[in-house]
Every structure is written in C-alpha cells, then in structure tokens.
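Heads up, the thing below is written out as structure tokens.
Numbering (this note's numbering), first residue to last: 240 to 804.
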C-alpha cells in the first residue's frame, strides 16, 4: 500500500535525481529575465524562415510591457492571448509577465459564446488576438465585455520573411481578418505596439504567491473553469522538470506541436524562454511537411507532442528519412500513446527516446514521467517527479488507499498544485480535499500503481473525452444540444477513433421531442449539427448523432451512459 510517507517509486529515479529538491523563493518573472539575458545572441525562436534572437525578444518584450504600463494596465490585470504558435504569443507572454500581469491562454478556435465566457470569467483587461479571430468571433459577441479595455490584433504574416509575406498575401495564403472599431475598446495592431519605446525596468515586482496564469479547463460541471497557477506553482514545476530532464541552459533546441494556449505547450515554451533554449514554432501541427523541414534544418534535441501528431508524422515518408541522432527525448502527453505505436515510433527515432508524462492543468502541469535513463515501462506514465506525493484511493470513499495494482482515483500534492479555480470556491472544494493534515488534489482520473511505483492511467476522468489532445466535456456539449427544440433528452459519449490512436470520436445519442419524431432524420441531424457548430469549437462537435426511442436511466434517474457505450 502507498501512503504519503511511502514512496516506492524513488528506487526508479535516475542517478542524481533527488526525492526532494530545493525550490528557491522566486517568481517566473525572475527566471524569464535570466533566460532572456543569458545568451543574447542565441536564437530564441525559428518561425517559417525568420529567426529572432534573445536580444531581440528581450527588447520586444520590454516594448510590450511598456505598452501595457502606458495603457494604464496594472500589475495583476489579466492579458488574454488568443494566438497560435507564432512569435507574437511569446513576445506578449514575456512582456505581460514583465509588467506583472496575469496571462490567460485563449484558444483561437473558440466560438463567440465560449470566447465571451472566458473573457468575462477571467476579467480579461487586454486581449491579443489574430485579426482573423477578431472578425470571425470577437465582432459577433453581443456582450459588452466590461473588463476588456484594449485589443491588440496580430497577423500570421507579421514576422514572416518579406518575400514569404508578399507571396502569401498575393495568393491569399495568409489568414487575415478585417479589424473594425469595437465600442469602448482601444485597438492597436501588434506592429504599432512594437514601436513603443521599451520599458526601462527589467520587470515589475511580483510575489511568488501572485497569480501568473489563469488557464481554462473543465470542472465537475464541465463548464470551463479558470485554473489559478501562482508564480510559485510555475517556478516549482519548471524547477522539477529541469531537474528531472537535466535541462541545460542555452544548449537545446525544442520543437513541439502543442499549442501555446494549451498549458502543455505554454509551459514548454515558458521553459525554453527561461532556460535560454531555442524553439521551433509550429503554427499548424497538421502540416507535417513543414515539421519535417524544420527538423531537417534545425535538428531539435527535445520534442513534445500529443500521440496523434506522432502518428501523423509517421505517415509522412519524409519523417522516416530524417537523422534523429541529435534528438535526446520525445515527450508524449495529453493522451495515451498505444504500446505498439510507441514501438513503431521508436524504431524510427531511436529506442528509449519516448518519455511518457502525465499531468493536468491543475498541476502546472507535470505530475509524473518515465525516467530518462532508467527503466521506461511502455504504457506507464512513469513515476512522480521530485517533491511530489501521490496516492491511489478508493473511488467511493475518496480516502482509503488501494493495494498495489488496484485501480482507484489518483490524488496528488506538491508545490505545483494550483491555488484553486478562479472565483469558484465551490469547485475548488470539490477537488482540493484534506487528508492526514494535508490538502490533496483529486484528479478524477482512475489509475493504478505497480510494485515499483509506476503509474498507469486506467480510465479518463468521468465523461471526459480526448479529441486530438483536446479535452471535451460531455456535459458542455449536452447543454448545447439541449438548446435545440427537437432534443428531448441526450447523452454524449465517446469511443476510440481507429484512425487516431489515443483520440476519441464524439457521439451524441438523442431522444427526440415527440413533435420532431416524424421529421426527416437526415435533415434533422444536419440541423442539430449546425447548432453545435455555431456554439462550440470544431473538435467538440459530435461526429455521430444517433436517434433512439428512449434514453436509458439508472434506478436513481440518471442517464445510464454505461449502457450506451
């Protein structure tokens, strides 16, 4: 049995990896400035043929910080970043942190309803977004967005080489949108912001307990909740990961398809910035041809991807021809990586190079990972990293520790665990519970621990699906479906996508309202799907709709999803 004082996983640690490491009382802002100034002439990022050095990034981030300060933005105000993996994201991120602001990643895929909720819930003061998103989503929001005062619009082409930008605009290959006045908001383009003289001070004074990030994820209701991560949380996880992976400052080249608005991608980027390591920016991970060219040109040493992207890369003939001798590790997370797929992938990139990790937004995000040099158990998400305690507890009572290899709920505590959900003490209390005098985070994930302390995720959080690495909460989709007048009862379930290992297909099972049961089924499905597309991001939209006579219920009257699966 495993208790907080019994850590069987310690014997699996690589030589030199300590059970508990000293985590200085510092902020991410401190680490950021160190990273930006350590190797000024080193490449900070490569983007579609453009290279920016850390000297340039340092200057640009100070300009963005000065823009915020000059605009009356205060320390602690929220800056939302609704951008793909382009230079403007990292510039605005670094500038916001230097100005003492809280950063919130915002998916550019959100529809107006979802975008409005996140901006209002976070109290977003400044939004940096693509001009295409401005036209497609922001202008369609009817809510006045009372907290929002400034909008900065960026274009994919802003940092492209001049020739590429010219050709891209000429042949309309660069997504763009029309920027129009927005009532009560000051609008600036990103190039305009970059003309502001840089701030004189290296960074605003922040405390380790100040909120660094508000990242959105689903709560127990499925409605997106803002996870408050302090500078202490972020710096702790950064320190844990650096110790675990033996990150060296100014020596690595990182390449990841994880989007920056997702915490996995964001922390990968933040780690690179604070360690003076180079990043290859991937704005569209579906373009595997571009990724292959970047690998060939820059020879990354550290990769991080969702398993489905690794599968897509394997389908590109050019990927298998690459020389991966410079690659140290391929971090895999956000979804299960099938065992056979790992073996096939390692046959191309090198044996033992795949390192599966596990984490969640609420833990900044890393909880566990396979050792880099020691035993990697394929199919396992490894062992808890330094300073991290886990238990597998009974699902029913939430406290009794389960025997070895027996599934239960995974709970965790450590310096990387969130402060709580933004302005939502009720949801916070549901997942942050006291045990033995300590507060533990209940992950909602079903896992087991073997005799060596390795963790295996048995099932995902209840009713949560993974689509291409993105979380989809059935409750949220069901709420939208219920808005349609033809829907009487519904249940959203998922099943494994045979073409995308580790990803789910979203299915909606619907009991129609009596007056709609005689309507043409095909037309009705299209009508319901149109409603979904209007109100949710594309990856949440059901791929399959099935009409049934009656939704099955449990004895207590709940929808019996188990019988539908």
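Cβ coordinates follow ideal geometry from the N, Cα and C atoms, glycine included.
Short CB-CB distance (under 8 angstroms) between residue i and chain D
| i | result |
| --- | --- |
| residue 580 | Note that chain D does not occur in the displayed structure, where there is just one protein chain. |
Nearest-angstrom Cα separation, counted from residue j out to residue i
| i | j | result |
| --- | --- | --- |
| residue 744 | residue 736 | 5 angstroms |
| residue 764 | residue 715 | 19 angstroms |
| residue 363 | residue 787 | 42 angstroms |
| residue 696 | residue 645 | 11 angstroms |
| residue 470 | residue 781 | 37 angstroms |
| residue 479 | residue 473 | 10 angstroms |
| residue 459 | residue 669 | With a pLDDT of 46 at residue 459, under the threshold of 50, the predicted position of this residue should be treated as unreliable, and no value is reported. |
| residue 288 | residue 248 | 44 angstroms |
| residue 240 | residue 310 | Its pLDDT being 42, under 50, residue 240 is placed unreliably in this model, and the coordinates cannot settle the point. |
| residue 294 | residue 276 | 7 angstroms |
| residue 397 | residue 526 | 20 angstroms |
| residue 510 | residue 477 | 6 angstroms |
| residue 784 | residue 732 | 11 angstroms |
| residue 805 | residue 798 | The structure shown has nothing for residue 805, since the chain only spans 240 to 804. |
| residue 654 | residue 265 | 13 angstroms |
| residue 755 | residue 769 | 17 angstroms |
| residue 596 | residue 724 | 43 angstroms |
| residue 564 | residue 746 | 42 angstroms |
| residue 466 | residue 487 | 29 angstroms |
| residue 401 | residue 672 | 55 angstroms |
| residue 422 | residue 533 | 42 angstroms |
| residue 442 | residue 778 | 38 angstroms |
| residue 522 | residue 353 | 22 angstroms |
| residue 617 | residue 761 | 44 angstroms |
| residue 227 | residue 379 | One cannot answer for residue 227 here, as it falls past the ends of the chain, which runs 240 to 804. |
| residue 630 | residue 694 | 10 angstroms |
| residue 603 | residue 758 | 49 angstroms |
| residue 420 | residue 286 | 30 angstroms |
Spatially closest choice to residue i from the options, by CA coordinates
| i | options | result |
| --- | --- | --- |
| residue 542 | 394, 516, 723 | 516 |
| residue 308 | 537, 398, 437 | 437 |
| residue 680 | 601, 732, 582 | 601 |
| residue 450 | 676, 339, 481 | 339 |
| residue 482 | 610, 324, 803, 281 | 610 |
| residue 722 | 775, 688, 686 | 775 |
| residue 298 | 279, 290, 286 | 279 |
| residue 685 | 691, 674, 702 | 702 |
| residue 430 | 641, 705, 521, 399 | 399 |
| residue 348 | 329, 334, 373, 360 | 373 |
| residue 619 | 629, 273, 608 | 608 |
| residue 682 | 628, 676, 504 | 628 |
| residue 271 | 508, 690, 761 | 508 |
| residue 210 | 800, 468, 433 | Lying outside 240 to 804, the shown extent of the chain, residue 210 is not represented and no answer is given. |
| residue 387 | 316, 434, 446 | 316 |
| residue 567 | 313, 560, 539 | 539 |
| residue 677 | 638, 262, 792 | 638 |
Residue i, enclosing beta strand (DSSP E) - first and last residue
| i | result |
| --- | --- |
| residue 544 | 541-544 |
| residue 530 | Segment 527-537 is the alpha helix (DSSP H) holding residue 530; no beta strand (DSSP E) there. |
| residue 465 | 463-469 |
| residue 682 | 677-688 |
| residue 492 | 492-495 |
| residue 593 | 593-598 |
| residue 620 | Counting along the chain, residue 620 falls outside any beta strand (DSSP E), and DSSP gives it neither H nor E. |
| residue 246 | Counting along the chain, residue 246 falls outside any beta strand (DSSP E), and DSSP gives it neither H nor E. |
| residue 518 | 517-519 |
| residue 706 | 703-706 |
| residue 421 | It is not in any beta strand (DSSP E) - residue 421 carries neither H nor E in the DSSP assignment. |
| residue 286 | 282-286 |
Expected contact under 8 angstroms - CB spacing of residue i and residue j to nearest Å
| i | j | result |
| --- | --- | --- |
| residue 464 | residue 666 | 6 angstroms |
| residue 502 | residue 454 | 5 angstroms |
| residue 318 | residue 331 | 7 angstroms |
| residue 606 | residue 623 | 6 angstroms |
| residue 576 | residue 346 | Between residue 346 and residue 576 the Cβ distance is about 23 angstroms, and since that is not below 8 angstroms, they are no contact. |
| residue 351 | residue 371 | Not confirmed; about 14 angstroms, so no contact. |
| residue 205 | residue 268 | Residue 205 is absent from the structure shown; the chain starts at 240 and stops at 804. |
| residue 284 | residue 518 | 5 angstroms |
| residue 626 | residue 260 | 6 angstroms |
Limits of the unbroken alpha helix (DSSP H) element including residue i
| i | result |
| --- | --- |
| residue 267 | 267-277 |
| residue 503 | 502-513 |
| residue 308 | 293-309 |
| residue 608 | Here residue 608 belongs to no alpha helix (DSSP H); instead the beta strand (DSSP E) covers 605-608. |
| residue 714 | 713-720 |
| residue 803 | 800-803 |
| residue 557 | 556-559 |
(message) In chain order, what are the residue ranges of uninterrupted alpha helix (DSSP H) at least 4 long that sit wholly in the region 624-673?
(response) Whole alpha helix (DSSP H) segments, 4+ residues: 664-670.
(request) Could you name each continuous alpha helix (DSSP H) segment of 4 residues or more that falls completely within the region 322-394, going from the start of the chain to the end? (result) 326-337, 351-361, 370-375
(message) For a minimum of 4 consecutive residues, which ranges assigned as the alpha helix (DSSP H) are wholly contained in the region 722-797?
(response) 760-774
(request) Please go through the region 564-588 and give each complete beta strand (DSSP E) segment of 3 or more residues, from N-terminal end onward. (result) If one requires a minimum length of 3 residues, the beta strand (DSSP E) runs lying completely within the region 564-588 are 568-571, in chain order.
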